[in-house]
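Heads up: the protein sequence lines correspond to chains A, B, C and D, in order. Heads up: the first sequence runs through residues 85 to 279, numbered per our numbering. Heads up: the second sequence runs through residues 85 to 279, numbered per our numbering. Heads up: the third sequence runs through residues 85 to 279, numbered per our numbering. Heads up: the fourth sequence runs through residues 85 to 279, numbered per our numbering. Even glycine gets a Cβ: it sits at the ideal position worked out from N, Cα and C. Fair warning: this is a prediction, and the values are worked out from it, not measured in the lab. Shown next, in structure tokens, is the structure this report addresses.
There are 4 protein chains.
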Amino acid sequence: MMMAMTESPPRRGRPRSIEVDDAILAATLELVSEVGISGMAMDELAKRAGVAKATIYRRWSNKEALVIEALRSAMGPIESADTGNLRTDLERYLGELLGRFDRNPMNDVLPHLIEAACHDSGIQSSLDDYVQFRRTPLREIFERARERGDLDGDADIDVLIDLTIGPFIYRRLLTRDTVDERFVARLLDQILPSR
Amino acid sequence: MMMAMTESPPRRGRPRSIEVDDAILAATLELVSEVGISGMAMDELAKRAGVAKATIYRRWSNKEALVIEALRSAMGPIESADTGNLRTDLERYLGELLGRFDRNPMNDVLPHLIEAACHDSGIQSSLDDYVQFRRTPLREIFERARERGDLDGDADIDVLIDLTIGPFIYRRLLTRDTVDERFVARLLDQILPSR
Amino acid sequence: MMMAMTESPPRRGRPRSIEVDDAILAATLELVSEVGISGMAMDELAKRAGVAKATIYRRWSNKEALVIEALRSAMGPIESADTGNLRTDLERYLGELLGRFDRNPMNDVLPHLIEAACHDSGIQSSLDDYVQFRRTPLREIFERARERGDLDGDADIDVLIDLTIGPFIYRRLLTRDTVDERFVARLLDQILPSR
Amino acid sequence: MMMAMTESPPRRGRPRSIEVDDAILAATLELVSEVGISGMAMDELAKRAGVAKATIYRRWSNKEALVIEALRSAMGPIESADTGNLRTDLERYLGELLGRFDRNPMNDVLPHLIEAACHDSGIQSSLDDYVQFRRTPLREIFERARERGDLDGDADIDVLIDLTIGPFIYRRLLTRDTVDERFVARLLDQILPSR
DNA sequence: AGTTAAGCGAGACGGTACGTCGTGTCTTGTG
DNA sequence: CACAAGACACGACGTACCGTCTCGCTTAACT
Chain A
85 MMMAMTESPP
95 RRGRPRSIEV
105 DDAILAATLE
115 LVSEVGISGM
125 AMDELAKRAG
135 VAKATIYRRW
145 SNKEALVIEA
155 LRSAMGPIES
165 ADTGNLRTDL
175 ERYLGELLGR
185 FDRNPMNDVL
195 PHLIEAACHD
205 SGIQSSLDDY
215 VQFRRTPLRE
225 IFERARERGD
235 LDGDADIDVL
245 IDLTIGPFIY
255 RRLLTRDTVD
265 ERFVARLLDQ
275 ILPSR
Chain B
85 MMMAMTESPP
95 RRGRPRSIEV
105 DDAILAATLE
115 LVSEVGISGM
125 AMDELAKRAG
135 VAKATIYRRW
145 SNKEALVIEA
155 LRSAMGPIES
165 ADTGNLRTDL
175 ERYLGELLGR
185 FDRNPMNDVL
195 PHLIEAACHD
205 SGIQSSLDDY
215 VQFRRTPLRE
225 IFERARERGD
235 LDGDADIDVL
245 IDLTIGPFIY
255 RRLLTRDTVD
265 ERFVARLLDQ
275 ILPSR
Chain C
85 MMMAMTESPP
95 RRGRPRSIEV
105 DDAILAATLE
115 LVSEVGISGM
125 AMDELAKRAG
135 VAKATIYRRW
145 SNKEALVIEA
155 LRSAMGPIES
165 ADTGNLRTDL
175 ERYLGELLGR
185 FDRNPMNDVL
195 PHLIEAACHD
205 SGIQSSLDDY
215 VQFRRTPLRE
225 IFERARERGD
235 LDGDADIDVL
245 IDLTIGPFIY
255 RRLLTRDTVD
265 ERFVARLLDQ
275 ILPSR
Chain D
85 MMMAMTESPP
95 RRGRPRSIEV
105 DDAILAATLE
115 LVSEVGISGM
125 AMDELAKRAG
135 VAKATIYRRW
145 SNKEALVIEA
155 LRSAMGPIES
165 ADTGNLRTDL
175 ERYLGELLGR
185 FDRNPMNDVL
195 PHLIEAACHD
205 SGIQSSLDDY
215 VQFRRTPLRE
225 IFERARERGD
235 LDGDADIDVL
245 IDLTIGPFIY
255 RRLLTRDTVD
265 ERFVARLLDQ
275 ILPSR
């Protein structure tokens, strides 16, 4: 990684301003959380960010691409801490995920992105990345547990992950029931081997 | 004329045509499945249904309200057949649900509706209705199982339902992994007490 | 064609109500004077008149036909009183015309009718009737004056009429200058032979 | 750089395209003459002009405001040539006015504008401008004649103008009698002092 | 120091859909 | 049949948003 292998394209002319990037992403998160994605107008966004619309489109090819990056920028990776205990690991991970959801306007962002992904394969793959990005720590947790013997050798880890995340998504998007630590506990009670 | 439980509001003026309702709903389903919700233009819809735009807006206040009703009209209830066995009941119900998903353009409809529900409380409650409508048969299945003794008396039925539907939603909307009978089997293997 | 001068069409069923005619015409004049012709909606008119829209269209084939009749009903003929003096005759006639204009919402009715007449020959001929209807008394006045010798034998009566009415129309429709008795006097000073 | 009487407002953003203005005005005249004002649809106009509807509405607040400007753009000023003779001056001016009327789709434009002016004060004042714009040359002609002594010192010039234009308007809009050089001659025979 | 290429704010632009309104016709039930 | 009520087809309206474009200015890096 030494030497800056990220090739330096002969960079001529005025370089892009980083403050501008930040201002746009910040304004995006702000606006999305206020009015939802479809309620967010690019004109309004530009005004809020103190930026020209063309400046936005120079960086992102469209609204969804912008939103998805704003989202990812706001939601860093979640480490899968290894406490040596499957249930504790899951509690930590899900607790952290919960906090992210609560602090971010995920509610109506996800649905919009999902729909956008239907007709735009770029968004499609960004969303796929994001999804995998959330599954990976869980997979690590479950695999560690299997190695430890806390889980059967033939445990269906993919389905376990689905069972862990699925109800979260379902509640956030559809039932809008509370998703809190109490719910995490009830969920794990069902999924994990009783003893 | 006895009973007359549906009071007859003295009905003045030309009554709304039922054919028109049907034509609109049918055209909506057709169009949505072809081009998605956001790709469906109300002008085009009106033309397809052989109906004036004003006639549509006389019945539904906006696009989403229409789509959600079209959806519900297309998706009748799913009976929870009582086979006397929890796993079989669930297999039947989920198998049927699977078929509905496949035959209907649910994929990008749900996300759109979920987002629309964020700023429109009418759509909100319609969606809530729909969600409960899908939960009820599962609740019946689980309660029957509990009475039968196939499930612990203190089983957390709400969470069991979340565990049953959640992964479906998650896969359809986010991972886009296959959702078939094989998956149903793996899911049930995890959820249900081994024996 | 002899006898039965008002032919009686075999008249079956419920006869048309005269109150309805009156209510419609009255409401028309009221509305037109408030919001102008193009601002008058037939739905609103029906509501004001306490009448169904179909009832209006049963009597008049369209909005303009209705308006033109409302107008004519409001503006009876103007007699050309014979005072034995040309100037006095004209003063009387124009004074009366003035009063009619002031009491009626002629201002924006005429322009609308004129335009409507461009694409509807029925309105065209109704308007023609109305125009002639206003010219006739003037023609009588001028012809009497000619017989009396107050006007040259070869006086161009058509143009004299144009000169009498034209400025009225021009001022009402375009300049919106005041049109009062003072103006009538100045007009006649120019048109009539000084002595 | 001396003088610089037209201050340059620091001009930000992309300037409005003059070609667009021209295209819109041209298409407006074309369409109006084909189908009349009320027959002209803004969608069709936009298509003809090769322009977006929003671009039209950025310049004119509504249909009438556009039409009136199209009209003014099409009808340049008429110079009041000074031939040293009142009658000849008037003949020239009216002859020219006649030509303009014939070459332009004035017929149903004026009535529509007059009505529109009733509820829109912007159109009102535009129309006023236009009216004055047509009166000015006549005023000059009559004033020159008065200075020359061809007209009494106390001649009522305002009324003379009304007498000159009024019959034109009246004939075009209401009687639809021919308005040609012959008519101009008869008109002037009546208005002007015989010798 | 001057040149050059790109970034940038502002806002015009083409396109497309939206939801509303107005006209004149049609369809009920009631007199 | 007339009538009130109101649904209906048609078609125009003016607005909103998206993503692109053109201005004139600014900001570095390369001569």
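Among the options, which has the Cα closest to the Cα of residue i?
{"i": "MET159 of chain C", "options": "C:LEU150, C:ARG187 and C:GLY134", "result": "C:ARG187"}
{"i": "ARG256 of chain D", "options": "D:PRO195, D:ASP166, D:ARG96 and D:ILE245", "result": "D:PRO195"}
{"i": "VAL193 of chain B", "options": "B:ARG176, B:ARG156 and B:ASP242", "result": "B:ARG156"}
{"i": "GLU258 of chain B", "options": "A:LEU222, A:ASP213 and A:VAL268", "result": "Rather than Glu, the amino acid found at residue 258 of chain B in this sequence is Leu. The shortest C-alpha separation from LEU258 of chain B is found at A:ASP213."}
{"i": "SER205 of chain B", "options": "B:ASN146, B:VAL135, B:ALA107 and B:LYS137", "result": "B:ASN146"}
{"i": "ARG270 of chain D", "options": "D:ILE108, D:THR139 and D:LEU178", "result": "D:LEU178"}
{"i": "PRO251 of chain A", "options": "B:ILE275, B:ALA136 and B:GLY168", "result": "B:ILE275"}
{"i": "ASP242 of chain A", "options": "B:ALA133, B:VAL263, B:ASP173 and B:GLY237", "result": "B:VAL263"}
{"i": "GLY183 of chain A", "options": "A:ARG96, A:GLY97 and A:GLU265", "result": "A:GLU265"}
{"i": "VAL104 of chain D", "options": "D:ARG96, D:TYR141 and D:LEU181", "result": "D:TYR141"}
{"i": "GLU231 of chain D", "options": "D:GLY168, D:LEU181, D:VAL268 and D:LEU197", "result": "D:GLY168"}
{"i": "LEU197 of chain C", "options": "D:ASP106, D:SER122, D:ARG95 and D:ILE249", "result": "D:SER122"}
{"i": "PHE267 of chain B", "options": "A:ASP240, A:ILE249, A:ARG260 and A:PHE267", "result": "A:ASP240"}
{"i": "ARG260 of chain D", "options": "D:ASP238, D:PHE185, D:THR248 and D:GLY237", "result": "D:PHE185"}
{"i": "LEU181 of chain C", "options": "C:GLY97, C:ILE249 and C:ARG143", "result": "C:ILE249"}
Would residue i be called buried (16 or more neighbouring beta carbons within 10 Å of its own) or exposed?
{"i": "PRO99 of chain B", "result": "exposed"}
{"i": "GLU199 of chain C", "result": "buried"}
{"i": "ASP246 of chain B", "result": "buried"}
{"i": "ILE102 of chain D", "result": "exposed"}
{"i": "LYS131 of chain B", "result": "exposed"}
{"i": "PRO277 of chain B", "result": "exposed"}
{"i": "ALA133 of chain A", "result": "buried"}
{"i": "ASP173 of chain B", "result": "buried"}
{"i": "ALA88 of chain D", "result": "Since pLDDT at ALA88 of chain D reaches only 42, below the 50 mark, its modelled position is unreliable, and the value read off the structure follows with that caveat. Its Cβ having fewer than 16 others within 10 Å, ALA88 of chain D is exposed."}
Check residue i in the structure and name its three-state DSSP category.
{"i": "GLY206 of chain A", "result": "helix"}
{"i": "THR220 of chain B", "result": "helix"}
{"i": "SER122 of chain B", "result": "coil"}
{"i": "VAL116 of chain C", "result": "helix"}
{"i": "SER145 of chain B", "result": "coil"}
{"i": "ARG279 of chain C", "result": "Confidence is the limiting factor: at ARG279 of chain C the pLDDT is only 43, short of 50, which leaves the residue's position unreliable, though a coordinate-based value still follows. DSSP places ARG279 of chain C in coil when its eight states are reduced to three."}
{"i": "LEU235 of chain D", "result": "coil"}
{"i": "ARG100 of chain A", "result": "coil"}
{"i": "ALA107 of chain C", "result": "helix"}
{"i": "PRO251 of chain B", "result": "helix"}
{"i": "GLY183 of chain A", "result": "helix"}
{"i": "ARG171 of chain C", "result": "helix"}
{"i": "ALA136 of chain B", "result": "coil"}
{"i": "PRO195 of chain D", "result": "helix"}
Using beta-carbon positions only, say whether residue i and residue j come within less than 8 Å of one another.
{"i": "GLU175 of chain A", "j": "LEU272 of chain A", "result": "yes"}
{"i": "CYS202 of chain A", "j": "GLY120 of chain B", "result": "yes"}
{"i": "LEU170 of chain D", "j": "LEU235 of chain D", "result": "yes"}
{"i": "TYR254 of chain A", "j": "ILE253 of chain B", "result": "yes"}
{"i": "ALA111 of chain D", "j": "LEU129 of chain D", "result": "yes"}
{"i": "MET126 of chain D", "j": "LYS137 of chain D", "result": "yes"}
Does the segment 146–162 of chain B come within contact of the segment 115–131 of chain B, defined as at least 3 CB pairs closer than 8 Å? yes
If we count Cβ pairs, one from each stretch, closer than 8 Å, do we get three or more for the segment 214–222 of chain B versus the segment 227–234 of chain A? Contact check between the segment 214–222 of chain B and the segment 227–234 of chain A: fewer than three CB pairs, one atom from each, fall below 8 Å, which does not count as touching.
Are the segment 160–178 of chain A and the segment 203–211 of chain A touching, with three or more C-beta to C-beta distances below 8 Å? no
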